[in-house]
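Written out below as structure tokens is the structure these notes cover.
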Amino acid sequence: MQSSILNNTCIRNTVINTEINAITTRAQAKLQTEPLSSTVNTSSTSTTSQSTCSSAPTVNQLYDFSLAPGIVYRLVGRDDTTIKLFYVPSKLIPDLMAAYHDHPLSGHFGIGHTWSTLRNTYYWSRMKDTIISYIKSCSKCSQFNVDQHKPPGFLQSIQPSNDVFQILVVTDRLSSYVFAKASPTNTAQDTARILMEEIILVHGSPDIIITGQGTHFKNELLHAISNLVGCQRIFSTPYHPQTNGQTESPYQLVFGRQPRHPFTPPASTFVFSKPYDHWTQVIKYRNTALHEVQANILHQQQLSKTRFDKNRSHPSFVLGDLVWMKILVERQKLKARYIGPVRIIRILSPVSFIAEDDNLQQFQVHSNNIRCVYFR
1 MQSSILNNTC IRNTVINTEI NAITTRAQAK LQTEPLSSTV NTSSTSTTSQ STCSSAPTVN
61 QLYDFSLAPG IVYRLVGRDD TTIKLFYVPS KLIPDLMAAY HDHPLSGHFG IGHTWSTLRN
121 TYYWSRMKDT IISYIKSCSK CSQFNVDQHK PPGFLQSIQP SNDVFQILVV TDRLSSYVFA
181 KASPTNTAQD TARILMEEII LVHGSPDIII TGQGTHFKNE LLHAISNLVG CQRIFSTPYH
241 PQTNGQTESP YQLVFGRQPR HPFTPPASTF VFSKPYDHWT QVIKYRNTAL HEVQANILHQ
301 QQLSKTRFDK NRSHPSFVLG DLVWMKILVE RQKLKARYIG PVRIIRILSP VSFIAEDDNL
361 QQFQVHSNNI RCVYFR
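Per full-length UniProt numbering, the sequence shown runs over residues 1 to 376.
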């Protein structure tokens, strides 16, 4: 490879001469522009110049460059020694990068390895920037390499609810499969309807149903349905949430008070002057509890977001960007990890996008699963 570069360099004498002519020191520029003070000095300088030219060595020193027959070197001091680096003309840089990065024997190494290999042999202006740009625009590296840093995209927190709503949670004891259905109320009719339509008619009748002690479970309607489908009902032990621990919810927020235990002292007696004072106290407590819950949720979300966003970049994709899309299913071990490129046609959120390929097929993608396409 080095002999090929040297031969190409020797052939391009015009390019080399042009680059050498641009390399001058301040002292040389000053000597070229400084007027001579006298005729004596002129003849003396002329004589000295002729003597210097006649005894000039084969290598002409030009500041930190040296010129050998047809070859330009850059002189660099490293470890208390001076080494010579081949000066690469701009026209030969793509060929050199292809040989040291794209060639099968070069291994498509990363920026650090390629930089450490080339910097000890070659030199050109803005060398590291060229290496970074070249490797980032390598399609093979983009498709096959594994990310060595956190995927881009900050954590997007979900706004907590402003009101309480009911969720019926059904958990399969064997597989731990969880089914959850939201409902504005928790009446016996709604509970029975959800169990029948969403569980029994879809998954079949269970052998045993373990429920809480609430009236929405302990009623004649559910008793009739259980007898009809042939399943046994078991009620959890009061004040023992471990019986149904997989589906228990915070007691205080749901019932508006702390749970009563066997050794809980009797509650204080309240005397209300008006019939609706009790309702007023319940609403006041409910609003206070909701605010506390929302504040706790937001605080925990902020802590989680701080931990998640640490050392993570924010995606900077815009409409029309070309990206590589990660293969999430049916990828063989040694095949490319990314396909494409595809074009972003819609932005759903700061981390979610709609992308379209050349066949006009659309995909919803997350910033974790796409990479920018760079061009050389």
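Cβ atoms here follow ideal geometry from the backbone N, Cα and C, with glycine treated the same way.
These numbers were taken from a predicted model, which means no experiment stands behind them.
I need the boundaries of the alpha helix (DSSP H) containing R233, first residue and last residue. R233 -> not in any alpha helix (DSSP H); beta strand (DSSP E) instead, spanning 232 to 235.
If we count the other Cβ atoms within 10 Å of its Cβ and call it buried at 16 or more, is N21 buried or exposed? Because N21 carries a pLDDT of 44, less than 50, the predicted location of this residue cannot be relied on, and the following value inherits that uncertainty. Burial call: exposed.
Sequence-distant residues of its chain with Cβ nearer than 8 Å to L31 (five each side left out): Any answer about L31 is weak, because its pLDDT of 45 lies below 50 and its placement is not dependable; what the coordinates show is given next. The answer is none, since no qualifying residue turns up.
Which residues does DSSP pair with G320 in a beta bridge? The partner list for G320 (beta bridge, DSSP) is empty, contrary to what the question assumes.
Taking only three categories from DSSP, how would you classify E356? strand
In three-state terms, what does DSSP make of F375? coil
Which residues in the same chain have their Cβ closer than 8 Å to the Cβ of L319, if we skip the five residues on either side of it in sequence? I344, I345, R346, I347
One or two residues paired with M325 in a DSSP bridge: I339, I370
Please classify K326: is it buried, with 16 or more other beta-carbons within 10 angstroms of its beta-carbon, or exposed? buried
With a Cβ-Cβ cutoff of 9 Å, do V365 and V323 count as a contact? yes
What does the alpha-carbon distance come out to for the pair N120 and D79? 12 Å
R286 by DSSP, collapsed to three states: which one? helix
What are the partner residues of G77, as DSSP defines its beta bridges? T82
Using the three-state DSSP reduction, which class does L105 fall into: helix, strand or coil? coil
So for S142, helix, strand or coil by DSSP? helix
If we ignore side chains and look at the alpha-carbon of each, how far apart do Q294 and I370 end up? 34 Å
Touching by the beta-carbon criterion (3+ pairs, under 8 Å), the segment 72 to 90 and the segment 114 to 129: yes
Would you give the residue range spanned by the alpha helix (DSSP H) that Q189 belongs to? 188 to 194
Environment of S349 [buried if 16+ CB atoms lie within 10 Å]: exposed
Which first and last residues belong to the beta strand (DSSP E) in which V170 is found? 166 to 171
L105 to A99 span [Cα, whole Å]: 9 Å
Would you grab the beta carbon distance between C141 and I132 for me? Rounded to a whole angstrom, and I think it's under 8 Å. Actually they are not in contact, since the Cβ atoms of C141 and I132 sit about 12 Å apart, beyond 8 Å.
Are there 16 or more other CB atoms within 10 angstroms of the CB of P94, so buried, or fewer, so exposed? exposed
If you drop the 5 nearest sequence neighbours on each side, which residues of the same chain put their C-beta closer than 6 Å to that of Q28? Any answer about Q28 is weak, because its pLDDT of 44 lies below 50 and its placement is not dependable; what the coordinates show is given next. Nothing meets the Cβ criterion.
For T191, does the count of other Cβ atoms within 10 angstroms reach 16, so buried, or fall short, so exposed? buried
How far does the alpha helix (DSSP H) with V88 in it extend, from its first residue to its last? From DSSP, V88 is part of no alpha helix (DSSP H); its letter is neither H nor E.
According to the Cβ coordinates, are A180 and I167 closer than 9 Å? yes
Please list the terminal residues of the continuous alpha helix (DSSP H) segment that includes V229. 220 to 229
Quick one: grab the DSSP three-state call for S157. coil
Kindly list the residues whose CB is nearer than 8 Å to the CB of S226, restricted to its own chain and excluding five residues on each side of it in sequence; keep chain order. I209, Q232, R233
When you compare each of L303, F363, I297 to L328 by their alpha carbons, which one comes out closest? F363
Counting only the same chain and skipping the five closest in sequence on each side, list residues whose C-beta sits under 6 Å from that of A336. Q143, F144
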